[in-house]
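Numbering (the numbering used here), first residue to last: 4 to 289. Below you'll find the structure, written out as structure tokens, and then a few comments.
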Ligand SMILES: Nc1ncnc2c1ncn2[C@@H]1O[C@H](COP(=O)(O)OP(=O)(O)OP(=O)(O)O)[C@@H](O)[C@H]1O
Ligand SMILES: [Mg+2]
């Protein structure tokens, strides 16, 4: 094999993915299904700041995962590393067989750049701040990426988008502009927009934390229905009710490491780690 600058990082050897004993397939996973996402020893440095210290995660199709942790523990950075919005300094991400290794030198071949593009299509992201285009109507926001990124025909994209607007209960706002929607409605549009790209897995970064408390419920309801219909989702949230109701597994992140992994019943009600317990005391009576 010819040695290339990133041969180590991208070579077939790479770090070996180990499935944590608590990573047992959730209730909706078809028997024998292989993981759809494997993150292996993901590391992230921001200059001298070691933000992710070897984070691994296994997700099976149809599972809902929640990540909890204090502010600054690295939750958003981990989520962003999964679809290479942030470049992992080391480690490997594999989503639906699309495998990309972190490469601090960023000496990417054309093939690797193409795999990163595919990884981003496979993992749709919903942000705290919605990020809708203000100059486009709701339907315009939904079909923009399918038309320009996926090169879908307009009629097909529109039909798909309308279906997802129905799903989030906003078909009557089809031609409205984002500025004339409530925060909860904007976030539901952002969810429909992510769905219109038909990703294999949906990543949510605190999707309700910018909302007025009275609007949180309508967004959580949509997310719970997606979880129950078997969408694959990873959700960073402080909404313990969502974690309890909808998650197959909870990952507690502390200073860049997943220090506790388990079903919500265990992690939320009976945390083994004192640091998880201290965090949860602020939310729950444990
Ligand atoms: N682009 C960046 N450049 C430099 N440092 C960053 C960058 N993004 C995040 N960090 C640092 O990485 C650490 C983890 O940040 P991150 O946003 O992942 O935390 P978080 O767990 O999502 O927190 P929060 O709950 O407040 O959203 C913090 O110390 C933060 O300052
Ligand atoms: Mg964050």
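C-beta atoms are modelled at their ideal positions from N, C-alpha and C, and glycine is treated no differently.
| query | result |
| --- | --- |
| Give the DSSP bridge partners of residue 61, in chain order. | 41 |
| In the structure shown, what three-state DSSP assignment does residue 207 receive? | strand |
| Compute the beta-carbon to beta-carbon distance between residue 46 and residue 92, rounded to the nearest angstrom, for a pair I have assumed lies under 8 Å. | 5 Å |
| Using DSSP's beta-bridge definition, name the partner residues of residue 96. | 42 and 103 |
| What are the uninterrupted segments assigned as beta strand (DSSP E) that are 3 or more residues long and contained completely in the segment 184-237, given in chain order? | 204-208 |
| On the DSSP letters alone, give me the boundaries of the beta strand (DSSP E) that residue 69 sits inside. | 67-72 |
| For residue 272, list the residues DSSP reports as bridge partners. | According to DSSP, residue 272 bridges with nothing at all. |
| Rounding to the nearest angstrom, what Cα-Cα distance links residue 277 and residue 117 in this structure? | 43 Å |
| For residue 190 and residue 286, what's the separation of their Cα atoms in angstroms? | 24 Å |
| Residue 128 lies in the beta strand (DSSP E); which residues open and close that run? | 126-129 |
| Specify the secondary structure class of residue 155 as computed by DSSP and reduced to three states. | coil |
| If you reduce the DSSP assignment to three classes, tell me which class residue 22 lands in. | coil |
| Taking all protein chains shown into account, decide if residue 66 is buried (16 or more other Cβ within 10 angstroms of its Cβ) or exposed. | buried |
| Between residue 109 and the rest of its own chain, which residues show a CB-CB distance below 8 Å, the 5 nearest in sequence each way excluded? | 90 |
| Tell me the DSSP bridge mates of residue 52? | 49 |
| Hey, is residue 52 close to ligand 1, as in C-beta under 7 Å from one of its heavy atoms? | yes |
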